[in-house]
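Going by numbering that gives the first Met the number 0, the first residue of the sequence shown is number 0, and it counts up by one from there. Just so you know, even glycine gets a beta-carbon here, dropped at the ideal spot from N, CA and C. None of the values given here were measured: they were computed from a predicted structure. One structure below.
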Amino acid sequence: MLLIVGALFLALGLFSGALLVAAPLGLTTLSPSLILWIMFPVLSVIGYVLFLVPANSSQIRAMSVATSGLMLLLAVTSIGAIILQAAALFEPTASTAALWYVSVIAGIIGCAGAASYTRQKPEA
């Protein structure tokens, strides 16, 4: 049960982050509220922790790789949009504060997750 709830919370956290990125890019007409700013890191971390509690090592590894990959994708997308805006190649439809926020939070979480992943099998 905790696996499912954790995965759903994590998915909702990542969805919140994606909406924060999509708004300045003009991919949605929604205006992100403060709740999305709060729920992005909170649901992502809580969902990940809830998933870890009952999971076995292969599930933990798969979720860690997937989560860090998606977080890094959000961070790279945010940073790319900021650079395009700075070079005057792109005009955001909303403030870039959400892009900065997502790039920092997703970058830290994504890098931490990617750094903790090793390709070596544990010795028995």
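Three or more beta-carbon pairs separated by less than 8 Å are not found between the segment 42-52 and the segment 80-88, which leaves the two stretches without contact.
By the neighbour-count criterion, in which 16 or more other beta carbons inside 10 Å mark a residue as buried, M38 falls on the buried side.
The segment 76-123 contains, as complete alpha helix (DSSP H) runs of 4+ residues, the segments 96-115 (chain order).
Looking only at W99, S63, I59 and G112, the smallest Cα-Cα distance to A21 is reached by W99.
A Cβ-Cβ distance of about 18 Å is found for the pair A74 and M62, leaving them out of contact under the 8 Å criterion. Within its own chain, the residues whose Cβ lies closer than 6 Å to the Cβ of S67, once the five positions on either side in sequence are excluded, are G109, G112 and A113, listed in chain order.
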